[in-house]
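Taking it in order: structure first as structure tokens, then the write-up.
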Amino acid sequence: MSSPLPASQVTLGILAGGRASRLGGRDKAWLERDGIAQVIRWQRRFADETSAVVVSANRNADRYADAGLFVVADRVGGDLGPLAGIDAMAAACTTPWLLTIPVDLVGVNECLLPTLASAAGSAGAFAVDDDGAQPLVALWPLATLRPAASAALARGEVAVHALQAALGMAAVRLDGVRFGNLNTPDDLAAAGFTQT
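Just so we're aligned: the sequence shown equals residues 124 to 319 in my numbering.
See below:
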């Protein structure tokens, strides 16, 4: 399935700014499976479908730079969660569309971007897997995301799903798909991950 959006129109945004408190603060971006760090795994996975990569992270900036990754920190103070990361990536993005994924996903289906792009229209789309809505797995139009995210943060409204509802983004059901998350030591063990 090919995407209706050419790679030149899409930036991959990897959300890696969380504190990982249930993992004792371990940086999920650098968790390794089969010798490949999560953040590098996602960069490689979407290399043919996107033209650029931006990572939202608030620590270890030198490590990203050493790996050749462009990293941005939150532009707003306080612990405002993933919306602050999305806002920072949107500000840095130079393509019309931003595909966001959390760095701690276990896996994604092969047709993720084409499926989201086919349903996005002009408002964008987010994924719904077998576990429910996944608002951080989303395709955002920059023209509306930038002002809306900034305004929501200024109002202290940090729920990503609420912003998506306000923007009229489509919910795209992916039957038989489960992205999974690396939130606990048990999750890591089940998926075969280690820490560098």
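Built from N, CA and C at the ideal position, the CB exists for glycine as well.
query                                                                                                                                                                              : result
Let me know if residue 202 comes out buried or exposed under the rule of 16 or more other beta-carbons within 10 Å of its beta-carbon.                                             : exposed
Would you check if the distance between the CB atom of residue 199 and the CB atom of residue 137 is smaller than 9 Å?                                                             : no
Comparing alpha-carbon positions, which option in 207, 297 and 130 lies nearest residue 238?                                                                                       : 297
Kindly give me the distance between the Cβ atoms of residue 151 and residue 139, rounded to whole angstroms, as I take these residues to be in contact under 8 Å.                  : 7 Å
By how many angstroms is the C-alpha of residue 225 removed from the C-alpha of residue 145?                                                                                       : Legend: pLDDT at residue 145 = 46, less than 50; position of this residue unreliable, no value from coordinates given.
Kindly indicate which residue of 270, 277 and 247 has the alpha-carbon position closest to the one of residue 133.                                                                 : 247
For the stretch 183–256, which segments carrying the beta strand (DSSP E) assignment without a break, of at least 3 residues, lie completely within its bounds, in sequence order? : 193–195, 220–225 and 248–252
For residue 258, count neighbouring C-beta atoms within 10 Å of its own C-beta (all shown protein chains included) and say buried if the count is 16 or more, exposed if not.      : buried
On the three-pair Cβ rule with 8 Å, is the stretch 225–236 touching the stretch 181–196?                                                                                           : no
Quick one, are the C-beta atoms of residue 276 and residue 221 less than 9 Å apart?                                                                                                : no
Indicate whether residue 175 and residue 217 have their beta-carbon atoms separated by less than 9 Å.                                                                              : yes
Tell me the rounded alpha-carbon separation between residue 268 and residue 126.                                                                                                   : 21 Å
Assign residue 128 to one of three DSSP states: helix, strand, or coil.                                                                                                            : coil
Which of helix, strand or coil does DSSP assign to residue 146?                                                                                                                    : With a pLDDT of only 47 at residue 146, under the threshold of 50, the placement of this residue in the model should not be trusted; the figure read from the coordinates follows. Correct three-state label for residue 146: helix.
Fully enclosed by the stretch 260–302, which beta strand (DSSP E) runs are 3 residues long or longer?                                                                              : 293–296
Please list, in chain order, all residues of the same chain as residue 163 whose beta carbon is under 7 Å from its beta carbon, the five residues on each side excluded.           : 190
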